[in-house]
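The sequence shown begins at 6 in this note's numbering and counts up by one.
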Amino acid sequence: MFSIQALRNASKATSGRYLSTGANASASLKRSYLYVPSSSSRMLEKSSTVNSDMIIYDLEDSVSPKDKITARNRLQSFLNDETLVSPSRIAVRINDRTTPFFGEDLVTIAHLPVVQSIVLPKVHSAEYLTHVASIISKNRPTLSRSPPIRLVASIESAEAVMNASTIAAWKPSVESAQGSVLGALLVNACFTTSGVS
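Below, the structure written as structure tokens:
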């Protein structure tokens, strides 16, 4: 996952390596990510003791369809605990917008002040980010308690790769600007000699 700001800064560099791990690397780049299935109470509890740069609580791939609603409720209860790790380390990967779980996932997670990042699977266009930002702006608690949510756009298709520049350049509209910002791109597409799959 690359920080959008780090990518923008790297493109302005005049010499040296881009996105290196050396002295010029952005402090916002994260080194380690732990994905935690939200369907497991034991793993949720254990996650608060690990030393990872980011903890991504997963409602998508690691949760079976029959456990999706229970996992969302379990995660909501867990994240309402005031003794959690630093909010800047917490992200939640919600279900894809084509599933029946997407809307309730997004609304539930947007209501949690501790969540500062949402990983959005299968982002194909910047318009999708505008749609998500609109939902977040209507459901985020008062801004004095909650910073804007960083949206992590997961690039997982040829269409998304073709639209990557407009996705990376996305900025929220005036109405939703208080609720969310684009924080990173997560590239999950498979590049082959015959194209993107």
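No residue lacks a Cβ here, since even glycine has one placed at the ideal position from N, Cα and C.
Tell me whether the region 76–92 and the region 43–50 touch, counting them as touching only if at least three CB pairs, one residue from each stretch, are closer than 8 Å.
These segments touch.
Near Ala115, which residues of its chain fall below 6 Å by C-beta distance, leaving aside the five closest residues on each side in sequence?
Here residue 115 corresponds to residue number 110 of the sequence shown, with the count starting at 1. Within the same chain, Ala115 has close Cβ partners Ile141, Asn144, Arg145.
Report back the beta-carbon spacing between Ile61 and Tyr40 to the nearest angstrom; my notes put them in contact at under 8 Å.
Looking up residue 61 in the sequence shown gives position 56. Looking up residue 40 in the sequence shown gives position 35. Approximately 5 Å separates the beta-carbon atoms of Ile61 and Tyr40; this is inside 8 Å, confirming the contact.
Below 8 Å between beta carbons: does that hold for Asp101 and Pro126?
Stepping through the sequence shown from its first residue, residue 101 is reached at position 96. Stepping through the sequence shown from its first residue, residue 126 is reached at position 121. Cβ distance < 8 Å, so Asp101 and Pro126 count as in contact.
Give me the Cα-Cα distance between Val120 and Glu109, rounded to the nearest whole angstrom.
Within the sequence shown, residue 120 is the residue found at index 115, counting from 1. Within the sequence shown, residue 109 is the residue found at index 104, counting from 1. Those two C-alpha atoms are separated by around 15 Å.
For the alpha helix (DSSP H) containing Val166, list its first residue and its last residue.
Sequence index remark: in the sequence shown, residue 166 carries index 161 (1-based). Segment 163–167, the alpha helix (DSSP H) holding Val166.
DSSP three-state assignment for Arg155, whether helix, strand or coil
Within the sequence shown, numbered from 1, the residue matching residue 155 stands at position 150. Arg155: strand per DSSP, three-state reduction.
Find out if the Cβ-Cβ distance for the pair Ser178, Thr135 is shorter than 8 Å.
The residue you call residue 178 lines up with position 173 of the sequence shown. The residue you call residue 135 lines up with position 130 of the sequence shown. Their beta carbons are under 8 Å apart, which means Ser178 touches Thr135 by this criterion.
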